[in-house]
Amino acid sequence: MPSHYNFAYLDEQSKKMIRRAILKAMAIPGFQVPFGGREMPLPYGWGTGGIQLTASLLGKEDILKVIDQGSNDTVNAVSIKDFFRRTAHVEITEITPRATIIQTRHRIPETPLTQGQIMVYQVPIPDPLQFIEPKRPEAAKMHAFEEYGAMYVKLYEDIACHGRIVTAFDYPVRVHNRYIASPSPIPKFDNPKLHQSPAVHLFGAGREKRIYAVPPYTDVVSLDFEDYPFELEAWEESCAICGSHTSFLDEIIMDDQGTRMFVCSDSEYCANTLEKEVPCQP
Amino acid sequence: MYVAVKGGQTAVRNSRRLVTRTRRGPETIPEIGPDQIENQLGLAVDRVMAEGALYDKRAVVQAIKQAQGDLVEAVFLVRAYRTTLKRFGNSTPVNTRKMRAIRRVSGAFKDLPGGQILGPTYDYTHRLIEFDPDMDKDTANQTLEEAGEKEATNKSQTKEGKGAQTTAPLPRVMEILIQQGLMEKGPGELIGEPTQDLTRQPLKIPAARSIRLQALARGDEGFLLSSAYSLQRGFGLDRHPFLGELRVGFVEVLYTPPELGFEIKIGEIKITECFMINRFNGEKDRSPGFENGYGLIFGQNERKAMSVSLLDRSLQNAEEGKAVKYPGQDQEFILAHSDNVEASGFVQHLKLPHYVDFQSELLSVRSLQKTNYLEKQAPGKTKRPKSAPEKNL
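Residue numbers (my numbering), protein chains in the order written: chain D, 1 to 282; chain Y, 1001 to 1393.
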């Protein structure tokens, strides 16, 4: 990396601006704070919001973990790690408990987070109302006046038409009993991990130029109805590698005859479980 | 002084001479060769082939050079050439299952038969301008360049694209979803049937899907991209779509000349094929599952193939009777405005002299001012609109 770039790529003024937005976001949990998003050398949609958050948070002592689809090794995670390795020379880890900052796309690690850790989420559509009211000023008003009827009507329509709420990922949550927010496109399986989490959760949407946060020990409730409570997806299968029954499983097509196999999406968790299980086997 | 009434001929002649000179630049700089454009600006060539609707690298390369790198202008040149070519018949539909793929990715499945083939892509490079190529090279970009080198070497050794990575048939993700009962089998109406030809008949709205896919295949990349993006931002889609599969590679073109009576291979073309999948929650007589959007484009044009797939799905939905609320769902809006030769011509024709029409407008506006505005004001209170001049022009 040529030396005429600053530590962690962004200039200090931009980092300061982003940190201010983060502080505001932490003060108003779930509220989308507009910020002067910068162009990054990775494309929009690849995690520019998350990358900007990470760039503004990183210090020389930080230990960074980057996952995509739960895995340390997916192409985009590799690319982002490579970016911070070269621009910030920070230590990169694959081990969740070691990381001080974990940037993620579409998953929360299966290994529980601890106090002092920061989760950074890459967010494509920060406003859960966007598919209900695509016009930004209107949606902002709905948030301001806490007019969330339309969201509940949509969930109700799901139940009326299909007998259940059909949203499978990016399942909207209510943060600290006020703002409805997008947990980013994590599977709804991961939503409960946000509730009363000891870690800081920061969400960055680069293209839409908004940052929001879930501070530690905050209530995060997935939207539902008393008679139709929030439900988690479950698998009949278990992981073909480590045998886990409790983790999120990816489906892999083995051939064009329809043979399928299921494996953990969280590669680190899978490896750990496998290691633990080996001594127990006869 | 610019007086257009006389001296037009000289002005046009001089302008043409100037454009030739500007295009060439200083004589001290070597002229670009067609082989440089074809090999070093390959994606520009692909884009012009797609929008020019003509798979002819020689013509396209010359067009790009002649248009000074203005790709929309190059598309225009290619279209104008294409229209003079004889149409001698229809090929057999290309079999993309047998594609020699240089790239094949699915955003929906981690792994699938045939595997994910990353191939040459800018997707995971870092966009850092290499002002000093030797100093600034990063590993990601190096790897990409090495891959490019290998391919180029293979190209020079054998025929174009022999560096392709796979030749085994690649099952389509869409077929797998159909087999698992997650997607309806398409009507297959396009296979083997005589299709309407958009280049030989005017666009009629509503247009059949075959016509729509033709129009989208040659439509302007920028327009289609932004239209598809608007769908994704909620102006037409109500949820996140998935990339079922995107593949880039070479396919054989088979044709049966009437005088021979049997099928022969007349060449190979590089194409990009895309299947987008959208969730469908089911209706009374239709099971929940996924719906597909499709795009097939000349050359390596991933951004465009994906945009076309999103729009194809959106326009199919509208055809199936779903509400049309946004531009990206409106067949006429998309199809009638996606052709950049038409659009560029009409927007830019405003540069032509309109003196006569404008003179008529002047007369009419002045007369309106007089009868409908000035005379209605009380004599002492006469006000002119802010922008109106004090005296007649």
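A virtual CB, placed ideally from N, CA and C, is assigned to each residue, including glycine.
Cβ pair phenylalanine 248(D), aspartate 158(D) closer than 9 Å: Not closer than 9 Å, so no.
Backbone CA spacing between phenylalanine 1358(Y) and methionine 1049(Y) [nearest angstrom]: Rounded to the nearest angstrom, the two C-alpha atoms are 39 Å apart.
Proximity below 9 Å, CB of lysine 188(D) to CB of phenylalanine 169(D): Yes, they are a contact pair.
Below-9 Å beta-carbon distance, lysine 1185(Y) vs any chain D residue: Answer no: the Cβ-Cβ gap between lysine 1185(Y) and chain D never drops below 9 Å.
Paired residues, beta bridge with tyrosine 1326(Y) - DSSP: BP columns for tyrosine 1326(Y) are empty, so no partner.
Contained beta strand (DSSP E) runs [length at least 3] in the region 175 to 224 of chain D, N- to C-terminal order: For the region 175 to 224 of chain D, whole beta strand (DSSP E) runs of length 3 or above, ordered along the chain, are 179 to 181, 200 to 205, 210 to 214, 220 to 222.
Short CB-CB distance (under 9 Å) between methionine 26(D) and chain Y: Against chain Y, the CB of methionine 26(D) has no partner CB under 9 Å away; the residue lies outside that interface.
Alanine 181(D), buried or exposed, once every other Cβ within 10 Å from all chains shown has been counted against 16: With 16 or more other Cβ atoms within 10 Å, it is buried.
is_contact[proline 1113(Y), chain D] using C-beta, thresh 9 Å: At least one CB atom of chain D sits nearer than 9 Å to the CB of proline 1113(Y).
Spatial neighbours of methionine 26(D) in its chain, beta-carbon cut-off 7 Å, leaving aside the 5 residues before and after: The residues are Ala213, Pro215.
CA-to-CA distance, arginine 174(D) to glycine 1161(Y), given in whole angstroms: Note that glycine 1161(Y) scores a pLDDT of 43, beneath 50, so its modelled location is shaky; the value from the coordinates is reported in the next line. Taking the straight line joining both Cα atoms gives about 53 Å.
Rounded C-alpha distance that separates threonine 1010(Y) from glutamate 1073(Y): Between threonine 1010(Y) and glutamate 1073(Y), the C-alpha separation is close to 24 Å.
Proximity to arginine 1286(Y) [Cα-Cα], best of Glu1320(Y), Lys1204(Y), Ser1344(Y): Just measuring C-alpha positions, the residue of Glu1320(Y), Lys1204(Y), Ser1344(Y) sitting nearest arginine 1286(Y) is Glu1320(Y).
Minimum Cβ-Cβ distance from isoleucine 1205(Y) to chain D less than 9 Å: Answer no: the Cβ-Cβ gap between isoleucine 1205(Y) and chain D never drops below 9 Å.
Any chain D beta carbon closer than 9 Å to glutamine 1329(Y): Among the CB atoms of chain D, none fall inside 9 Å of the CB of glutamine 1329(Y).
Buried/exposed call for tyrosine 1124(Y), threshold 16 Cβ in 10 Å: It counts as buried.
Segment limits, beta strand (DSSP E) that includes methionine 119(D): Annotation for methionine 119(D): the continuous beta strand (DSSP E) segment containing it runs 118 to 122.
Proximal chain Y residues relative to glycine 149(D), where beta-carbon distance stays under 8 Å: What glycine 149(D) touches in chain Y: nothing, since even the nearest Cβ is about 17 Å away.
Every unbroken alpha helix (DSSP H) within the region 1017 to 1074 of chain Y, with a cutoff of 4 residues, ordered by chain: Taking only runs of at least 4 residues, the alpha helix (DSSP H) segments lying wholly in the region 1017 to 1074 of chain Y are 1034 to 1040, 1042 to 1052, 1057 to 1066.
The region 1287 to 1296 of chain Y contacting the region 1258 to 1278 of chain Y, beta-carbon criterion three pairs below 8 Å: With the cut-off at 8 Å, the region 1287 to 1296 of chain Y and the region 1258 to 1278 of chain Y touch.
3-residue-minimum beta strand (DSSP E) runs that sit fully inside the region 1284 to 1343 of chain Y, ordered along the chain: Entirely contained in the region 1284 to 1343 of chain Y, the beta strand (DSSP E) runs reaching 3 residues are, in chain order, 1289 to 1298.
Arginine 136(D) versus isoleucine 67(D): straight-line alpha-carbon distance, rounded: Roughly 30 Å separates the two Cα atoms.
Leucine 1393(Y) classed as buried or exposed, judged by whether at least 16 other C-beta atoms fall within 10 angstroms: Confidence in leucine 1393(Y) is poor, its pLDDT being 46 and thus under 50, which makes the residue's placement too unreliable to answer from.
is_contact[asparagine 1301(Y), chain D] using C-beta, thresh 9 Å: Using beta-carbon distances, asparagine 1301(Y) does not count as an interface residue toward chain D, since no partner is under 9 Å.
Closer than 9 Å at the beta carbon, the chain Y residues around asparagine 76(D): In chain order: Asp1123, Tyr1124.
DSSP three-state assignment for tyrosine 1373(Y), whether helix, strand or coil: Residue state, collapsed to three classes: helix.
Residues that DSSP places opposite isoleucine 102(D) in a beta bridge: DSSP lists Lys65(D), Met119(D) as the beta-bridge partner residues of isoleucine 102(D).
C-alpha distance - alanine 144(D) paired with alanine 150(D), whole-angstrom precision: In this structure, the alpha-carbon of alanine 144(D) lies about 14 Å from that of alanine 150(D).
Distance between tyrosine 1255(Y) and glycine 1261(Y) (C-alpha atoms, nearest Å): Rounded to whole angstroms, glycine 1261(Y) to tyrosine 1255(Y) spans 10 Å at the Cα level.
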